Amino acid sequence: MTGNRAAGPAARRAERDGHLLALRSLSALQPRHPLERSLAAIEALGAQESHRFLDSLRMRSLVARRLAAVESAHPAVRACAQALAPKVARLRHMHDVLDDNLKRLEQLAIRLGVELFGGKGISAHATYTDRSARDFNDLDLFVRTRADATALSRVLRHELGFRYQKYELPWFKLDPSDGMLYGQIALVAPDGSPDLVNADIHFGDYSVRHCGRLDITGMYTGGAPGLRMVPAEENLACIVNNAAGDYFVTAKDTNDLLMALSLPGFDADRFAGLLRSSHLAGFFGFVARTLEASSVLTAEQRGRLAAIPTPRTAEPAPRPDAPDWNRRCAGTALHAFATRRADGIVPAVRVAADAFGYYRRHLKLELAPGGRQSPVRPFALNPWTCVRLVPVDLAVALLDEGTAGGRPATLPERRSFVGTGTDVERIDTPAGMYVRVEEEFFVATVLYRLDPRLVRQAAAAAAAAPAPAR
């Protein structure tokens, strides 16, 4: 009896995992299971769980199309399709307006003299035989320098009404080993402009998890200004990195891998080199095995996949059904140790501990209670310190009536430039740091807690600064 009871939960888990795999197959471009098996999985799991899982796999348009092609009397199948419908309609509109958005960006790049690359979703989208099957949420744009990113952001905000993403603040890192300044500016399209698509502007190199870099700067060749796509090898490495960051493998990830393997000119050795240098080869093994479990590969696709090394890794396997916070923290800490191992055991352990502590936090932008009275130690700039830039108006909005009034006390400042040139300046005070990027001021944070004194001082500096050039 004891053995039967012990086997019961295991058998139920195995049955559920089989249903989830059938739903992954439903989301696959080359499905391993017949459609009938996927429909049976929806019936077994129910509409709510099936919709949640299919939504997390991010192939909504493809799944909705397949469900619409069958007539099912089972209410769970119909309810699942209905639950997907609102997002599918929005995604269909994004597909419709994509070309216009890309043409607009091409014109802006030429006007600004910027070599602009489209990456991640829109670069992968271009590799699909049926592009309507590849959904995307925003436009990921890559430029060589912070100055290029600022110029593009300024035009999008001032001329088209884009604004900073409140829940994904601009950020940067600095790598002292080569002076590389890299980061991201996430912008939201204005309300009332449904034909404009949100944009994420990446500059410099591409950050890997807590403290790594992908080393994709070789794609910036100094070519003519304009828009082109990130090469397939670099783009797929970015996609693997995103999956590793989320610690969950979506069907969109595995389908993007499949389409890359289908490209005649795909350089498996170059892609493997990017994974190896960024310590992502182990996690890529999880992506590859998920692809093989959910999809039927051609002989050519299998051969190319086999040519990409997937070494064993100490990182825990991602859960098959949802992201897992604890596994993400553990995997990120192990990756941080591997990334910094060449610095020595003790430095690598310190960075790994920093990664574990940082990723355990649920970050929320807020004021430090009562303001800090003891001096804040200035933080060092390095690949494991992500400096978030809080727009001054967003920071000021956090001040309540009790902290907003009165003339701000002047805090002593120590100013220094970040990277080469004088366009990015850090201003350290006893209450924290704020940053000037060209003519614009931001409150800087790593842990998302702001001292009210720092907010008031940054607001005063911004008010006294010359108006930004248009």
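Read in full-length UniProt numbering, the sequence shown has 450 at position 450, and its numbers run on one by one without any break. From the three backbone atoms N, C-alpha and C, an ideal C-beta is built for every residue, glycine too. For clarity, every value in this text was computed on a predicted model and none was experimentally measured.
Beta bridge counterpart(s) of residue i as assigned by DSSP
i, result
"glycine 212", "Val208"
"valine 143", "Phe203"
"alanine 41", "Answer by DSSP bridge pairing: none, since alanine 41 is not bridged."
"isoleucine 427", "Arg415 and Tyr434"
"tryptophan 171", "Gln184 and Arg388"
"serine 295", "Pro31"
"glycine 119", "Asp140"
"arginine 228", "Phe117"
"leucine 450", "Leu367"
"tyrosine 358", "Paired residues: none, contrary to the question."
"tyrosine 164", "Leu187"
Opening and closing residue of the beta strand (DSSP E) in which residue i lies
i, result
"glutamine 184", "180-188"
"glycine 331", "Note, glycine 331: premise wrong, no beta strand (DSSP E); alpha helix (DSSP H) at 325-340."
"glycine 273", "Looking at the DSSP string, glycine 273 is not in any beta strand (DSSP E); the run it does join, the alpha helix (DSSP H), is 268-277."
"phenylalanine 442", "440-445"
Cβ neighbour criterion (16 or more within 10 Å) applied to residue i
i, result
"valine 346", "exposed"
"aspartate 115", "Sequence inspection shows glutamate at residue 115; the aspartate mentioned does not correspond to that position. By the 10 Å Cβ count, glutamate 115 comes out buried."
"lysine 364", "exposed"
"phenylalanine 417", "exposed"
"tyrosine 434", "buried"
"glycine 402", "A caution first: glycine 402 carries a pLDDT of 49, below 50, which makes its placement in the model unreliable, though a value can still be read off. Glycine 402 comes out exposed."
"glutamine 107", "exposed"
"lysine 103", "exposed"
"tryptophan 325", "exposed"
"alanine 397", "exposed"
"glycine 3", "Any answer about glycine 3 is weak, because its pLDDT of 47 lies below 50 and its placement is not dependable; what the coordinates show is given next. Looking at its Cβ environment, which holds fewer than 16 other Cβ atoms inside 10 Å, glycine 3 is exposed."
"lysine 120", "buried"
"valine 70", "exposed"
"glycine 223", "exposed"
"arginine 360", "exposed"
"tyrosine 167", "exposed"
Whether residue i touches residue j by CB criterion (7 Å)
i, j, result
"alanine 348", "arginine 340", "yes"
"alanine 126", "methionine 229", "yes"
"leucine 227", "threonine 254", "no"
"residue 479", "leucine 214", "The question about residue 479 has no answer here: the residues shown for the chain are numbered 1 through 470."
"arginine 304", "alanine 342", "no"
"valine 197", "leucine 105", "no"
"leucine 389", "proline 170", "yes"
"leucine 39", "valine 88", "no"
"isoleucine 110", "leucine 152", "no"
"leucine 275", "phenylalanine 284", "yes"
Distance between residue j and residue i (C-alpha atoms, nearest Å)
i, j, result
"arginine 24", "alanine 199", "28 Å"
"leucine 297", "glutamine 30", "7 Å"
"asparagine 101", "arginine 350", "44 Å"
"isoleucine 64", "asparagine 137", "As written in the sequence, residue 64 is alanine, which differs from the isoleucine given in the question. Going from the Cα of alanine 64 to the Cα of asparagine 137 covers about 17 Å."
"arginine 289", "leucine 21", "12 Å"
"proline 231", "threonine 410", "50 Å"
"isoleucine 216", "methionine 180", "12 Å"
"leucine 62", "alanine 133", "5 Å"
"leucine 258", "histidine 158", "40 Å"
"proline 452", "valine 392", "12 Å"
"histidine 33", "glycine 8", "25 Å"
"leucine 84", "aspartate 55", "7 Å"
Delimiting residues of the alpha helix (DSSP H) encompassing residue i
i, result
"residue 481", "One cannot answer for residue 481 here, as it falls past the ends of the chain, which runs 1 to 470."
"aspartate 343", "Premise fails: aspartate 343 is in no alpha helix (DSSP H) and is neither H nor E."
"arginine 66", "60-68"
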